[in-house]
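Enquirer:
Numbering (the working numbering), first residue to last: 3 to 224.
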């Protein structure tokens, strides 16, 4: 059975929709999972995290070869945020989830080996592209849900674990949506600004150059 799950790649400040296609074949499972579609090393490593997470929430992993395609293949896929959509795609292809349970949603999240869902980067552009492409909801790590909730017309489902999301999609335990947050409600961390430093113009200039170019800097005071 072929399964499709909507995910997202972040390129600079923009999000690009990625189709996670999962197919379970009848061939010998060696290797047990193949990921194609221009994935980087961290995406390739998702094979181990995904298989362990599915097993550790009490579900059976497929005993056949799993092929995962991340389309479009012209866009490089980076980071561990594809763990959750790949896992859900496998569960749909393995007939452990309804085929259309994620049809109107976008999914991103990193998995731990025990199935818990970790923080990822770039949730704001992911939510922005989901809204632009008329998705009704996004499934993101609970830690990142307030960031996605800045969009009022987008349902944000905060996910703490693969087991909780599985129960939610099966209808046995519903995860409450993250309440919408206004921009002026986002906490602002007040930090010391260069404007508060009197003099030392050459030192401040050196710090600016180092920060802009990613250079190391050693300051010696006498």
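By construction, the Cβ of each residue, glycine as well, lies at the ideal position given by its N, Cα and C atoms.
Only a predicted model underlies this, so the values are computations on that prediction, with no experimental measurement involved.
Cα separation between residue 212 and residue 69?
Expert: As a working mapping, residue 212 is identified with position 210 in the chain shown. As a working mapping, residue 69 is identified with position 67 in the chain shown. Taking the straight line from one Cα to the other gives about 44 angstroms.
Enquirer: Near residue 102, which residues of its chain fall below 6 angstroms by C-beta distance, leaving aside the five closest residues on each side in sequence?
Expert: Mapped onto the chain shown, residue 102 falls at position 100. Nothing listed; no residue qualifies.
Enquirer: Give the range of the alpha helix (DSSP H) segment to which residue 215 is assigned.
Expert: Residue 215 sits at position 213 when you count from the first residue of the chain shown. Looking at the DSSP string, the run of the alpha helix (DSSP H) that includes residue 215 is 203-215.
Enquirer: Just the C-alpha distance for residue 174 and residue 168, rounded to the nearest angstrom, thanks.
Expert: Walking along the chain shown from the start, residue 174 turns up at place 172. Walking along the chain shown from the start, residue 168 turns up at place 166. When rounded, the distance between both Cα atoms is 9 angstroms.
Enquirer: Determine the burial state of residue 128: buried for a count of at least 16 other Cβ atoms within 10 Å of its Cβ, exposed for fewer.
Expert: Translated into positions along the chain shown, residue 128 becomes position 126. Buried, by the Cβ-count rule.
Enquirer: Answer yes or no: do residue 79 and residue 119 have a C-beta to C-beta separation smaller than 8 angstroms?
Expert: Here residue 79 corresponds to residue number 77 of the chain shown, with the count starting at 1. Here residue 119 corresponds to residue number 117 of the chain shown, with the count starting at 1. Result no, Cβ atoms of residue 79 and residue 119 do not sit closer than 8 angstroms.
Enquirer: Give the straight-line distance between the Cα atoms of residue 58 and residue 131, rounded to the nearest whole angstrom.
Expert: Within the chain shown, numbered from 1, the residue matching residue 58 stands at position 56. Within the chain shown, numbered from 1, the residue matching residue 131 stands at position 129. Residue 58 and residue 131: Cα-Cα distance of roughly 32 angstroms.
Enquirer: Three-state secondary structure (DSSP) at residue 141?
Expert: Locating residue 141 in the chain shown gives position 139, counting from the first residue. Looking at residue 141 - three-state DSSP - the assignment turns out to be strand.
Enquirer: Using DSSP with H/G/I as helix, E/B as strand and the rest coil, what is residue 105?
Expert: As a position in the chain shown, residue 105 is number 103, starting the count at 1. Three-state DSSP puts residue 105 in coil, outside helix and strand.
Enquirer: Per DSSP, what kind of secondary structure is residue 22 in: helix, strand or coil?
Expert: Taking the first residue of the chain shown as 1, we reach residue 22 at position 20. Strand.
Enquirer: Look at residue 109 and residue 9 and say whether their C-beta atoms are less than 8 angstroms apart.
Expert: Position 107 of the chain shown, counting from 1, holds the residue named residue 109. Position 7 of the chain shown, counting from 1, holds the residue named residue 9. In contact: residue 109 and residue 9 (Cβ atoms closer than 8 angstroms).
Enquirer: Classify residue 292 as helix, strand or coil using the three-state DSSP reduction.
Expert: Residue 292 lies beyond the stretch modelled for the chain, which goes from 3 to 224, so this question has no answer here.
Enquirer: So, for residue 121: in the same chain, excluding its five sequence neighbours on each side, which residues have a beta-carbon less than 8 angstroms away from its beta-carbon?
Expert: For this step, residue 121 is matched to residue 119 along the chain shown. Answer for residue 121: 112, 143, 145, 146, listed in chain order.
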